[in-house]
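**Q**
Below you can see the structure in the form of structure tokens.
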């Protein structure tokens with residue numbers, strides 16, 4: 001069987017075809033790998049067709065249904081039109097090697113190779129490549145082969161990035177396939193919906209095609225709603241659909257079924273993560289049998305069920321959302337194990353941090369912000385799931401917010417602030433009053449002060465100052481230098497807004513004194529109190545004092561690596577210096 005019969009049109013794969021044709025210019029083994037649904041077979045057929053047009057001979061050997069090396073040998077024997085043989089494996093390989101050598105240069109496609117990877121299939125290909133030196137083997141597989149000397153071509157999803165010239169390749173595929181089901185009148189609103197859909201589908205062609213087929217009976221809004229419920233929407237019941245491409249679940253289940261038991265358990269347990277995670281997090285969350293976490297991750301990466309990327313913080317792992325949906329289904333099939341995994345997940349992100357909740361909420365140093373940005377989705381996942389539990393866990397939800405609060409405040413997203421406060425208000429009555437988690441109550445009180453600051457934009461500072469007075473009377477006020485510094489700092493801000501400059505200056509100075517006598521978090525608060533102090537001093541034309549306060553804030557910012565404080569203090573210093581030059 002050759003590729004002469006033609007292939008369905010491919011969208012957005014021109015660069016892949018060109019690259020693979022280059023790799024196939026000489027003999028050897030080229031493996032096209034990637035998760036199910038990426039279109040490895042279609043791409044390989046398009047490449048073979050291109051090579052045929054350039055004068056190469058090609059041969060297609062489908063391996064769907066093959067289970068071991070013997071099945072692979074049978075499939076090759078049939079594809080080469082050779083007589084069936086009952087001889088041993090070594091003789092059969094030798095005969096196939098002679099037959100391939102006699103044909104000279106030929107490109108042979110071994111399609112769907114993943115089913116024979118672990119059963120001697122790789123050894124067969126290695127031996128045939130040595131016997132038939134002019135033969136070029138193209139192998140499509142969801143699993144990495146590991147054949148010595150082979151070239152791996154890791155197929156990526158279609159791009160979901162639109163440009164000025166038109167929709168993204170992923171959206172173009174959606175429109176092309178949707179046209180077979182129902183004519184869509186393109187509008188800017190529809191383009192935005194389609195781009196949203198293909199991005200949620202990670203640019204995986206099969207998922208996009210199955211979603212596009214659903215436009216025959218669903219609107220775009222209905223389609224998006226069904227994606228939130230799992231893989232059910234990615235199904236094509238049409239009689240003309242290929243069985244192996246009829247549902248996305250079947251494609252992914254086939255990859256999952258090839259995993260050993262511990263690999264399947266790891267796949268289900270990793271469903272708890274929302275976005276990229278690192279090795280330390282995986283080691284804290286996974287509980288397997290005899291398999292180590294590193295081995296389990298490698299299994300999943302090799303099976304194309306887990307992606308790995310490198311950033312400044314080290315290697316990070318993540319699943320495509322479509323694959324993650326299957327992992328969630330597998331996790332929910334074992335409720336007890338899922339619950340235990342969730343507890344370990346929450347414990348890792350909320351309890352492994354050396355900072356307590358109050359200190360974490362106030363830490364806006366650059367290294368801290370970078371770590372938070374990498375793990376932000378995990379904290380919000382904890383927050384949302386804790387609130388959606390049958391019995392909402394407001395304390396856990398609040399603690400997750402404390403961890404990510406520095407990012408929220410830096411983005412100055414007031415609606416998000418207020419939504420956070422609503423949840424925190426529900427957490428307050430449930431908060432523990434003593435023990436190792438008791439200090440998170442202090443962080444709540446700090447947020448209540450911040451809430452008052454936000455609310456005053458439409459009213460008065462009375463609530464803020466009343467809150468300050470009530471907090472100063474708590475026994476907790478004396479227990480933490482950080483907490484006292486924060487209360488004094490907010491009192492300074494409130495007094496400044498009310499026009500009481502001297503009270504603001506006195507409170508800010510007191511906050512600085514208390515903060516500098518405390519731990520690292522308290523010193524950070526002192527830096528921000530110095531900002532308030534310098535602003536008030538500059539407003540009162542006490543420019544030299546304002547300059548000195550800004551320089552002290554700059555020194556703290558440099559010492560702690562707090563870029564936000566550094567930029568604010570530098571701005572204040574510039575204002576003071578300009579005033580002094582006049």
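In my numbering, the protein residues as written are 1 to 582. Note that beta-carbon positions come from the ideal geometry of N, C-alpha and C, so glycine has one too. Since we're looking at a predicted model, the values are computed, not measured.
(1) Mark residue 352 as exposed unless 16 or more other C-beta atoms lie within 10 angstroms of its C-beta, in which case mark it buried.
(2) Taking its Cβ as the centre, do 16 or more other Cβ atoms sit within 10 Å of residue 281, making it buried, or is it exposed?
(3) Using 8 Å as the cut-off, can you tell me whether the stretch 217-226 makes contact with the stretch 247-254, which would need three or more C-beta pairs spanning the two stretches below that distance?
(4) Determine whether the beta carbon atoms of residue 538 and residue 527 lie at a separation below 8 Å.
(5) For a test of the three-state rule: what should DSSP assign to residue 481, helix, strand or coil?
(6) Going straight from the alpha carbon of residue 577 to that of residue 514, what length do you get?
(7) Might you give, ordered along the chain, the residues of its own chain that have their beta carbon closer than 7 Å to the beta carbon of residue 124, omitting 5 neighbours on each side?
(8) Compute the beta-carbon to beta-carbon distance between residue 171 and residue 194, rounded to the nearest angstrom, for a pair I have assumed lies under 8 Å.
(9) Which partner residues does residue 147 have in the DSSP bridge list?
(10) Using the C-alpha atoms, what's the distance from residue 495 back to residue 394?
(11) Which residue's Cα is closest to the Cα of residue 134: 106, 120, 153, 115?
(12) So what does residue 586 bridge to, in DSSP terms?
(13) With a 10 Å radius around its C-beta and 16 neighbouring C-beta atoms as the bar for buried, classify residue 22 as buried or exposed.
(14) Helix, strand or coil for residue 11? Go by DSSP, reduced to three states.
(15) Between the alpha carbons of residue 553 and residue 562, how many angstroms are there, rounded?
(16) Let me make sure I understand the geometry here. Which of 401, 525, 266, 363 has the alpha-carbon closest to that of residue 346?
(17) Which residue from 127, 209, 176, 336 puts its Cα closest to that of residue 95?
(18) Contact between the stretch 323-336 and the stretch 267-282: three or more CB pairs below 8 Å?
(19) Any idea which residues DSSP pairs residue 374 with across the strands?
(20) Between the stretch 31-47 and the stretch 139-155, do at least 3 Cβ pairs fall closer than 8 Å?
(21) Looking only at its chain, what residues have a beta carbon closer than 7 Å to the beta carbon of residue 267, apart from the 5 residues adjacent to it on each side?
(22) Give the secondary structure of residue 135 by DSSP, where H, G and I count as helix, E and B as strand, and everything else as coil.
(23) Since residue 48 and residue 58 are thought to touch, with beta carbons under 8 Å apart, how far apart are those beta carbons, to the nearest angstrom?
(24) Under DSSP, the alpha helix (DSSP H) around residue 50 begins and ends at which residues?
(25) With a threshold of 6 Å on Cβ separation, who are the neighbours of residue 36 within its own chain once the five nearest residues in sequence on each side are excluded?
(26) In its own chain, which residues sit with a C-beta less than 6 Å from the C-beta of residue 121, not counting the 5 before and 5 after it?
(27) Return yes when the Cβ of residue 488 is within less than 8 Å of the Cβ of residue 510, no when it is not.
(28) If you follow the beta strand (DSSP E) that residue 110 is part of, which residue opens it and which one closes it?
(29) On the three-state DSSP scale, how would you describe residue 534?
(30) What's the C-alpha gap between residue 115 and residue 144?
(31) If you reduce the DSSP assignment to three classes, tell me which class residue 87 lands in.
(32) Quick one: grab the DSSP three-state call for residue 276.
(33) Do you know how far the Cα of residue 564 is from the Cα of residue 312?
(34) Between which two residues does the beta strand (DSSP E) harbouring residue 57 extend?
(35) Please report how far the alpha carbon of residue 348 lies from the alpha carbon of residue 159, in whole angstroms.
(36) So what does residue 291 bridge to, in DSSP terms?
**A** Straight from the coordinates:
(1) Residue 352 comes out exposed.
(2) buried
(3) no
(4) Cβ atoms of residue 538 and residue 527: not closer than 8 Å.
(5) helix
(6) 28 Å
(7) 69, 72, 73, 93
(8) 5 Å
(9) DSSP output for residue 147 lists no bridge partner at all.
(10) Rounded to whole angstroms, the gap between the alpha carbons of residue 394 and residue 495 is 33 Å.
(11) 106
(12) Lying outside 1 to 582, the shown extent of the chain, residue 586 is not represented and no answer is given.
(13) exposed
(14) coil
(15) When the Cα atoms are used, residue 553 and residue 562 turn out to be separated by approximately 10 Å.
(16) 401
(17) 127
(18) With a cut-off of 8 Å, the stretch 267-282 and the stretch 323-336 count as touching, because enough Cβ pairs lie within range.
(19) Paired residue(s): none; residue 374 is not in a bridge.
(20) yes
(21) 256, 259, 300, 305, 327, 330
(22) If DSSP states are grouped into helix, strand and coil, residue 135 belongs with the strands.
(23) 4 Å
(24) Counting along the chain, the alpha helix (DSSP H) containing residue 50 begins and ends at 40-53.
(25) 142, 251, 252, 255
(26) 69, 72
(27) yes
(28) DSSP places residue 110 in the uninterrupted beta strand (DSSP E) bounded by 106-111.
(29) helix
(30) 12 Å
(31) Coil.
(32) In the structure shown, residue 276 sits in coil (DSSP, three-state: anything other than H, G, I, E or B).
(33) 20 Å
(34) 57-62
(35) 34 Å
(36) DSSP, once it has assigned bridges, lists no residue as partnering residue 291.
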